[in-house]
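Chains as they are written, first to last, in the numbering used here: chain A, 1 to 326; chain B, 1 to 246; chain C, 1 to 100; chain D, 1 to 559. Cβ coordinates follow ideal geometry from the N, Cα and C atoms, glycine included. Note that the coordinates shown come from a computational prediction; the quantities given were computed from them, not determined experimentally. Read the structure below first, then the notes.
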Ligand code: HEA
Ligand code: HEA
Ligand code: CUA
Ligand SMILES: [Cu+2]
């Protein structure tokens with residue numbers, strides 16, 4: 001866990017180099033201004049030190065050109081910081097399409113993780129090197145935050161709402177993760193370890209012990225029938241409700257004319273608050289499932305709906321190994 | 001204009017004193033805008049999220065009471081404005097008369113509000129006090145609803161329940177509506193009560209003939225406050241009563 | 001500060017206008033305007049409320065006859081409210097927009 | 001030229017002044033004199049600083065070892081929460097406005113008092129009432145929500161005494177509002193003849209800007225905490241997702257006030273610095289209009305950036321972009337101030353007096369605090385450093401290195417005016433240096449800790465972070481010593497200090513033309529101002545030499 005550079009933690013994801021270069025840029029700008037201003041203060045302090053008790057300074061009232069200069073230069077530098085920072089952030093908030101999706105539920109004070117094939121972990125997260133990984137984050141109680149310093153990523157885990165975060169591990173190893181949003185008594189111990197493995201090892205690990213752990217997709221499928229979703233949502237689209245095949249990841253047109261991207265948060269909202277966003281061409285018939293599903297139920301349903309794609313998400317580790325593109 | 005009245009020590013002139021008092025009042029009202037603003041924001045977002053439940057819950061409040069109260073309150077604003085005018089032109093008796101009229105109208109408003117609160121209490125629509133949107137439909141005898149209203153409520157509530165997927169969701173979300181309803185109207189009523197206190201104080205002074213063409217700042221400032229409270233209601237009325245009456 | 005005495009005539013006129021607006025808003029609420037344009041009912045209700053509020057501020061509260069400073073304070077109060085509402089609602093409204 | 005005829009510096013206390021005009025506890029508790037109210041505030045905010053400081057000390061001691069050895073996790077969480085609440089709401093926000101602002105604004109603009117003296121006293125009582133509620137909460141179960149009171153932790157899950165604390169802060173808000181209201185009215189209507197807007201001392205401009213935030217921001221935190229409190233008391237659901245509410249909405253409302261509130265804390269300190277620097281450089285401040293306008297700009301733009309505290313809550317990407325850009329915008333007026341202060345030193349007649357040391361220390365520390373604010377406002381970087389010790393270091397640099405240094409510097413600067421006595425100069429300089437060194441040692445390592453990934457609000461931490469934590473704790477003990485010194489010698493000087501005279505530095509403000517300590521009525525006759533601010537050249541009454549060097553022409557476009 002020791003880092004090579006003294007002040008930088010391990011660099012173990014695609015975001016680490018970008019964040020570190022951004023950091024370096026800001027440090028350079030800051031050092032420049034700090035040194036310039038400190039130097040000016042020190043020089044003036046000694047050079048213009050009061051020589052006699054009654055001496056007064058030269059009455060200079062200001063200089064318009066200087067004022068403009070020191071408004072414009074910081075403004076330009078600010079824009080540079082903003083633009084660069086924005087680029088990294090937008091990249092981070094916008095996960096690529098073909099990700100390995102892992103479900104993470106935070107609760108006081110532990111993390112429950114579910115791999116795509118259903119394998120569960122607690123306070124541990126195993127991921128393959130080189131693959132784009134997306135974490136779908138949910139909370140059962142208060143706000144938490146999933147933070148992996150070596151990956152330079154974190155995201156709040158907010159109850160009643162899905163957040164997602166993604167990264168591509170670039171270096172196999174063992175990295176600590178933390179809960180970084182204060183969540184009560186044991187906030188400081190609500191952490192664990194991320195294990196980044198070679199893809200083949202990861203596949204082996206995944207298939208290692210599936211015993212008993214239900215696959216979220218199959219669980220979701222079962223729920224889909226149990227909760228009578230399937231009575232309205234027919235796969236051929238002839239029902240009273242839209243077919244859910246291929247909905248995930250696409251763009252949905254709503255009755256009020258706007259469009260939304262069908263991501264995890266949208267699916268969650270469609271289930272819990274079905275009348276908030278009505279799909280164009282359909283009646284607001286769908287009941288709300290607020291208060292009737294646990295976080296894990298919702299996650300399974302989401303996983304199932306996501307699996308209704310042209311190519312289903314592999315239930316075993318087999319297809320997972322392909323190194324991520326992008 | 002030449003002013004009279006008591007000059008407090010920190011001021012140089014009476015004009016300065018009056019200017020300060022008026023400026024202070026306006027600044028205070030701008031604070032109040034933001035104070036209510038937080039509630040309005042909370043309301044807006046929840047109303048958007050839970051549109052169906054909010055409009056259903058809103059329909060369980062009686063429109064007539066709200067409309068009457070709007071008229072009463074705007075009326076009281078008129079009498080308040082008239083008392084300011086009376087003070088400005090030096091009609092001492094009229095000042096007292098209009099102040100009392102304002103107080104009475106304010107009292108009527110609060111009285112009606114009390115009736116409305118009482119109804120909600122009976123119907124178990126008060127959050128935290130055995131809140132249950134289904135209370136009336138389940139205990140028809142307990143609520144003083146007309147049979148046809150009850151019937152309508154049954155139908156609408158059934159539909160809503162289906163839509164929301166169960167009674168729990170309906171109760172949770174309409175409890176949000178009523179929390180905001182009581183929060184907003186309660187805070188407004190509190191302002192009215194404070195206003196009524198101020199009016200009493202003015203009436204006492206007015207009866208002693210203190211307000212003249214040269215000295216009327218207190219009437220004016222309480223007037224500003226009273227009108228502000230009226231404005232809050234002007235927004236509360238459509239937001240809480242008129243969501244979805246069609 | 002120059003003082004301007006507003007005559008009762010104006011007050012009564014304003015009161016009448018407020019009454020008419022109140023009746024209009026109650027009536028408008030019973031008509032299904034949303035059928036024409038989503039959310040029109042709310043928009044109309046709030047527009048009417050705003051007209052009423054403006055009348056009260058300008059005439060009952062004499063803002064119309066007051067100094068620039070007073071007008072500025074009124075403006076500031078509502079402007080700050082607008083900042084709060086618009087930026088927060090802007091966040092909620094743009095959550096589902098796609099980036100890129 | 002001043003209207004007060006130049007008097008030989010009378011180094012005796014005036015016969016009667018505001019401190020000895022009346023005696024007895026009632027004469028203090030029922031006073032409406034802004035100067036006495038300022039002293040009431042001085043005593044009470046110092047008390048809360050003490051409380052907050054004791055919590056800070058315990059935090060630092062606890063963090064000496066990775067496992068934490070002083071207290072249980074519950075207690076640790078209470079410590080930093082109560083530290084934050086005491087320091088922010090009951091010390092730093094009222095500190096400069098209510099102590100120095102109250103004391104100085106009427107003196108600086110030539111008024112007998114603030115516009116509403118009774119309201120002023122009421123503000124103090126409201127503050128004390130709020131303070132009592134909060135102390136009650138601290139004493140009965142403590143408070144463990146973090147000073148940010150995020151829901152649903154605070155409204156549902158916390159077992160500590162949240163309700164009284166929330167009520168206390170709610171009440172205290174009205175104290176801020178009334179103080180702000182009083183200042184704005186006073187500055188508008190109570191200026192002495194000749195005291196035009198652009199002759200106002202920059203401290204007054206800063207207080208004016210602060211008051212805008214008090215008036216337009218504070219009501220929002222009041223209503224927000226009220227809602228959270230009601231939610232807790234009656235199990236309502238405004239911000240609780242289990243009942244349909246939205247915790248992110250709470251954060252929007254909270255930060256709508258609490259970001260501008262950080263400018264409540266720094267603007268007055270900036271005002272203090274803008275007074276100290278020209279006085280000890282004995283020349284007009286560079287770019288008066290720019291400094292004045294930047295105060296207003298900070299106060300206004302400061303309201304547009306709040307959601308930069310929420311970049312990772314799941315707020316919309318577009319909102320994050322907007323709030324980040326606006327955060328950079330608000331940095332620019334701060335930069336303008338820093339550059340103008342530095343330029344003021346050029347060709348000055350600079351002395352080493354204690355207030356000047358604080359002012360220069362302020363510039364350096366505020367600079368680091370402000371620049372690291374840019375790191376946090378940078379979206380890409382905030383992903384990594386949000387909620388780590390980097391944030392803790394950032395805000396202590398600004399709030400302790402900036403605002404508290406400004407406050408302590410201001411206390412020294414106006415101490416002779418407030419008490420009529422001089423403090424021991426050598427000890428004071430020593431304390432300033434100790435504070436500077438101790439401060440940097442305490443908080444600089446936290447930047448590194450943060451970047452290495454140590455989250456904040458942690459009662460224990462991985463062992464590799466220990467070295468930096470020990471450094472920080474060591475610094476904190478030096479810092480505590482640094483604060484102890486002024487408390488002792490300032491108290492001492494009230495009785496034993498040398499008599500200061502009207503204008504010991506000498507400085508140009510109106511407050512220095514009256515007796516030290518001032519009379520209850522402030523001035524014997526209403527002053528008439530016919531000089532420009534910080535004008536040493538045309539002030540023979542100050543008894544300084546007229547400049548031999550040729551005067552430069554006044555600047556292009558500036559005043
Ligand atoms: C007095 C208090 C104070 C002040 C003045 C500031 C000022 C600033 N703050 Fe800070 N801040 C806090 C107190 C303060 N802050 C606190 C308490 C928190 C944490 C709250 C919590 O979560 O508990 C916080 C957190 C915080 C965050 C959230 C971090 C996170 O949780 O992830 C951010 C993000 O943008 C931020 C940004 C800024 C910026 C851009 C400024 C700017 O105003 C700074 C402007 C100043 C300068 C820039 C220096 C001068 C510049 C120059 C001389 C020239 C160079 C300039 C340029 C190139 C532009 N602050
Ligand atoms: C005005 C605001 C202010 C001030 C002045 C301070 C002052 C100090 N703060 Fe504070 N701090 C905050 C505002 C402030 N802080 C806030 C808002 C938080 C976030 C809270 C949260 O997360 O909710 C925080 C959090 C915080 C943390 C992080 C806790 C965590 O996240 O786990 C730490 C850790 O080092 C810390 C340390 C200190 C220290 C060492 C001082 C020192 O400067 C204090 C020095 C003062 C004294 C020691 C008292 C006076 C001294 C004497 C009278 C001498 C005699 C006393 C002794 C010998 C003990 N503070
Ligand atoms: Cu979970 Cu902090
Ligand atoms: Cu901020």
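A residue is called buried once 16 or more other Cβ atoms fall within 10 Å of its Cβ, and residue 309 (chain D) is buried on that count. With respect to chain C, the C-beta atom of residue 157 (chain A) has no partner C-beta closer than 8 angstroms. Only 216, 217, 220 from the segment 216 to 228 of chain D bring a Cβ to less than 9 angstroms from some Cβ of chain C.
Residues 161 of the same chain have their beta carbon placed closer than 7 angstroms to that of residue 140 (chain D), with the five preceding and five following residues left out of the count.
When the beta-carbon positions are compared, residue 179 (chain A) and residue 153 (chain D) stay at least 8 angstroms from each other. Remark: the shortest separation between the CB of residue 375 (chain D) and any heavy atom of ligand 2 does not fall under 7 angstroms.
Take the alpha-carbon of residue 262 (chain D) and the one of residue 191 (chain D): they are about 28 angstroms apart.
The C-beta distance from residue 268 (chain D) to residue 97 (chain D) rounds to 5 angstroms, short enough to meet the 8 angstroms contact threshold.
Judged by beta-carbon spacing, residue 27 (chain B) lies within the 8 angstroms limit of residue 184 (chain D), meaning their Cβ atoms are closer than that value. At a Cβ-Cβ threshold of 8 angstroms, residue 42 (chain D) and residue 99 (chain D) count as neighbours.
Residue 58 (chain C) and residue 13 (chain D) have their C-alpha atoms some 54 angstroms from each other. Within chain A, the residues 287, 288, 289, 290, 291, 292 have their CB atoms less than 9 angstroms from the CB of residue 166 (chain B), given in chain order. Cβ atoms of residue 412 (chain D) and residue 423 (chain D) come within 8 angstroms of each other, at about 7 angstroms. By the Cβ criterion, the segment 99 to 109 of chain D is not in contact with the segment 217 to 235 of chain A, since fewer than three pairs of Cβ atoms, one from each stretch, lie closer than 8 angstroms. In terms of CA proximity to residue 20 (chain A), A:88 leads the group A:41, A:88, A:290. Within the DSSP secondary-structure output, residue 159 (chain A) pairs in a beta bridge with A:139. When DSSP reads this structure, residue 506 (chain D) sits in no beta bridge, so it has no partner. Taking 9 angstroms as the cut-off between beta carbons, the residues of the segment 23 to 48 of chain B near chain D are 23, 24, 27, 28, 30, 31, 32, 33, 34, 35, 36, 37, 38, 39, 41, 42, 45, 46, in sequence order. Checking the DSSP bridge columns, you'll see residue 175 (chain A) partnered with A:194. In the DSSP secondary-structure assignment, residue 110 (chain A) is bridged to A:107. Counting only Cβ-Cβ distances below 9 angstroms, residue 20 (chain B) has contacts in chain D at 115, 116, 185, 186, 188, 189, 190, in chain order. Identification of chain C residues near residue 304 (chain D) by a Cβ-Cβ cut-off of 8 angstroms yields 83, 87, ordered along the chain. Taking the Cβ of residue 305 (chain D) as the reference point, at least one heavy atom of ligand 4 falls within a distance shorter than 7 angstroms.
In this structure, the beta-carbon distance from residue 126 (chain D) to residue 171 (chain D) falls below 8 angstroms. Judged by DSSP in its simplified three-state form, residue 23 (chain C) adopts helix. Chain-ordered, the residues whose CB falls short of 6 angstroms from any heavy atom of ligand 3 come out as A:106, A:109, A:144, A:179, A:181, A:182, A:183, A:187, A:190. Taking the C-beta atoms as reference points, residue 133 (chain A) is found no nearer than 8 angstroms to residue 15 (chain A).
The beta-bridge partner set that DSSP reports for residue 149 (chain A) is empty.
Beta-bridge partners assigned by DSSP to residue 253 (chain A): A:259. When only Cα atoms are considered, residue 270 (chain D) and residue 395 (chain D) end up about 16 angstroms apart.
For the C-beta of residue 315 (chain D), the chain C residues within less than 7 angstroms are, from N- to C-terminus, 91. Beta-bridge partners of residue 235 (chain D) (DSSP): none assigned. Each residue's CA atom was taken as its position, placing residue 530 (chain D) and residue 543 (chain D) some 18 angstroms apart. When CB distances to chain B are screened at a threshold of 9 angstroms, the residues of the segment 509 to 536 of chain D falling below it are 521, 526, in chain order.
Judged by DSSP secondary structure, residue 72 (chain A) falls within the alpha helix (DSSP H) whose first and last residues are 64 to 93. In the displayed model, residue 169 (chain A) falls within a strand according to three-state DSSP.
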